[in-house]
Amino acid sequence: MRISVIGSGYVGLVSGACFAELGHDVTLVDNDPVRIDALRRGVCPIHERYLPELLERHGGTRLVFSGDLADSVDDAQAVFIAVGTPPTINGEADLSYIESVAREIAAGIKDYKIIVGKSTVPVYTSEWIRKVMLRNGARADLFDVASNPEFLREGTAVTDFLYPDRIVIGTSERICADRLRRIYEPLVDGSYSQRAECIPPCKPGTGPPPLIVTTPKSAELIKYASNAFLAMKISFINAVSAICESVGADVDQVREGIGSDSRIGRQFLNPGIGYGGSCFPKDLSAYRAVARECGYDFRLLEEVMRINNEQRERFLRKVRNVLWTLKGKRLGVLGLAFKGGTDDVRESPAISIIRSLISDGCRIQAYDPAAVDNARELLGTENIDYVTSAMEAASNADALLVLTDWEEFRTIDLVRLREVLRYPIVIDGRNMFSVAAMAEHGFIYSSVGRADPESVSSLRPKQVQGVP
Ligand code: UGA
């Protein structure tokens with residue numbers, strides 16, 4: 234099928250490349266000429282596993298890049314809108330980019346197309362797109378509007394797209410549902426995974442996904458409610474981990490005990506320094522605003538956000554408890570991205586923690602496998618050195634802080650780490666190491682919700698081994 238994807242951000246780019254991988258002819262449209270030019274030259278603008286392979290496989294053939302929206306829409310049978318919906322100062326989603334795309338589509342529409350919302354949007358957005366198109370001269374029989382939310386996680390977006398848990402299609406029109414069903418057919422009938430050259434799933438045994446057809450409003454709500462529920466799980470386990478710390482219980486054991494209940498499940502129960510990224514913080518505020526506008530005071534979401542912010546403060550309190558004073562301290566930092574596997578630093582808890590530490594007078598030596606360039610844009614270079622390895626970050630530091638869950642940090646050489654640190658202190662915001670292994674290697678180790686061999690509160694500077 235001929236598909237046009239408007240917006241070459243993370244959702245548009247991944248969706249466009251994956252539609253091409255499924256066998257469709259895709260035009261990816263963006264009004265940023267620099268980005269389009271880079272994509273045409275084969276440059277992959279984001280750190281996303283398997284995306285460079287897909288761009289190489291299909292770029293210039295089944296996947297072409299264009300700055301001309303009208304032209305690409307003219308040719309397309311399905312138009313996916315994947316432009317940004319940044320938050321306004323009130324926390325609502327700014328839908329002006331979607332509106333202007335709808336206006337442009339309406340201006341040139343000549344034959345029947347489906348217009349599909351992929352951006353994360355409030356309820357009623359599909360209705361608004363329809364109204365805007367009609368107001369701008371599009372004939373009602375030439376289009377239908379659907380909602381088809383994405384559930385991609387950065388870092389695993391390609392495999393999330395090709396091996397989804399479910400595909401949600403929100404439309405009340407049969408012809409529109411049928412067209413979308415055809416687009417996703419290779420996933421729903423399982424044939425994609427049988428292809429010799431398919432991208433492998435990240436977890437084996439993933440069966441074909443159900444295709445869930447709903448009304449547009451339900452589909453729009455499914456997206457917000459899913460993100461809100463996942464964020465709630467994270468805040469829940471973070472709150473549990475705070476209690477574990479107070480009573481001396483171990484959050485890993487508690488997670489195992491509650492997560493093995495299939496009604497609860499193990500996923501998204503990793504405590505840490507709170508969720509970040511371009512989705513959860515923005516979507517929770519927007520969902521809260523949507524609920525308020527509909528007359529429902531969704532205070533649970535406020536509490537989820539409060540616990541999330543508090544988690545960063547708790548981490549900073551741990552740093553202060555272990556190090557006593559911060560002014561003039563040299564701190565190694567592992568991780569700048571909002572989570573492992575991505576170069577994205579938007580709303581990264583690591584960035585906000587580093588900002589606080591710098592304003593308290595610390596000097597930072599930071600390492601991240603992918604996010605240094607993006608972090609430099611936010612944090613600048615004053616009082617922070619960006620280094621190229623974990624050992625360099627730790628070198629001669631008063632303590633090492635772990636702020637992002639990159640897999641490579643788990644396998645760090647602990648013997649060498651102890652040697653290069655000025656003091657053997659590791660404060661781990663992502664529970665990357667085992668408490669026993671850290672004790673065995675002689676570290677003073679503080680993590681989240683797990684019993685420390687020595688209680689954190691007892692770590693006054695004079696008691697720290699090796700500290701004069
Ligand atoms: C999230 C959702 O997981 C996707 O389903 C959704 O499509 C996407 O938002 C979106 O709306 O576009 P993403 O923001 O890429 O995906 O990242 P997640 O893997 O969900 O992680 C979000 C944050 O929660 C990260 O900061 C991560 O470190 C944190 N997290 C995650 C935890 O602290 N604990 C966990 O157990 C899981």
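In terms of this note's numbering, the sequence shown opens at residue 234 and continues consecutively.
Even glycine gets a Cβ: it sits at the ideal position worked out from N, Cα and C.
The residue among Ile322, Glu325, Asn323, Gly317 with its C-alpha nearest the C-alpha of Ile331 is Gly317. Between Arg295 and Ala339 a beta carbon distance of about 27 Å is seen, past the 8 Å cut, so the two are scored as non-contacting. Distance from the Cα of Phe384 is smallest, within the candidate group Trp361, Leu272, Asp516, for Asp516. As summarised for the segment 523-599, the continuous alpha helix (DSSP H) elements at least 4 residues long and confined to that stretch are 532-556, 582-592, given in chain order. Ile586 is positioned such that its CB atom lies no closer than 8 Å to that of Ala608. The Cβ atoms of Leu636 and Val555 do not sit closer than 8 Å to each other. DSSP, reduced to helix, strand and coil, places Val267 within a helical segment of the structure shown. Taking the C-beta atoms as reference points, Leu633 is found nearer than 8 Å to Ala627. Comparing alpha carbon positions, the residue from Cys277, Asp606, Lys351, Asp646 closest to Val401 is Lys351.
Boundaries of the alpha helix (DSSP H) harbouring Gly245: 243-254, taken from the DSSP string. For Ser380 against Ala452, the beta-carbon gap comes to about 4 Å, under 8 Å, which counts as contact.
Distance from Ser237 to Val306 at the Cβ level is roughly 5 Å; contact confirmed, criterion being Cβ atoms closer than 8 Å. In this structure, Thr353 has its CB closer than 7 Å to one or more heavy atoms of the ligand UGA. The C-beta distance from Gly300 to Asp327 rounds to 22 Å, too long to fall under 8 Å, and the pair is not in contact. In this structure the segment 566-583 does not lie against the segment 522-535, because fewer than three pairs of beta carbons, one per stretch, are closer than 8 Å.
Judged by their CB atoms, Met234 and Ile347 are not nearer to each other than the 8 Å cut-off. In the three-state scheme derived from DSSP, where H, G and I count as helix and E and B as strand, Val259 is classed as strand. At a Cβ-Cβ threshold of 8 Å, Arg268 and Ser241 count as neighbours.
Ile491 and Arg499 have their C-alpha atoms some 8 Å from each other. For Cys512, the shortest C-beta to heavy atom distance toward the ligand UGA is below 7 Å. In this structure Ser511 is in contact with Asp577, their Cβ atoms being roughly 7 Å apart against a cut-off of 8 Å. The segment 609-620 and the segment 419-434 do not touch, with fewer than 3 CB-CB distances between them shorter than 8 Å. Beta-bridge pairing by DSSP links Pro320 to Ala326. Comparing alpha carbon positions, the residue from Met665, Ala429, Glu673 closest to Val681 is Met665. In this structure, the straight-line span from the alpha carbon of Val620 to that of Asp374 is close to 58 Å. Judged by DSSP secondary structure, Gly350 falls within the beta strand (DSSP E) whose first and last residues are 346-350.
Within the DSSP secondary-structure output, Leu296 pairs in a beta bridge with Val259, Gly292. For the segment 329-383, the continuous beta strand (DSSP E) assignments of 3+ residues that do not extend past its boundaries occur at 346-350, 376-380, in sequence order. DSSP, reduced to helix, strand and coil, places Thr392 within a helical segment of the structure shown. At least 8 Å separates the beta-carbon of Val349 from that of Lys450. Tyr678 is bridged by DSSP to Val659. Nearest neighbour of Thr439 by Cα position, chosen from Arg412, Arg368, Leu255, Phe394, turns out to be Phe394.
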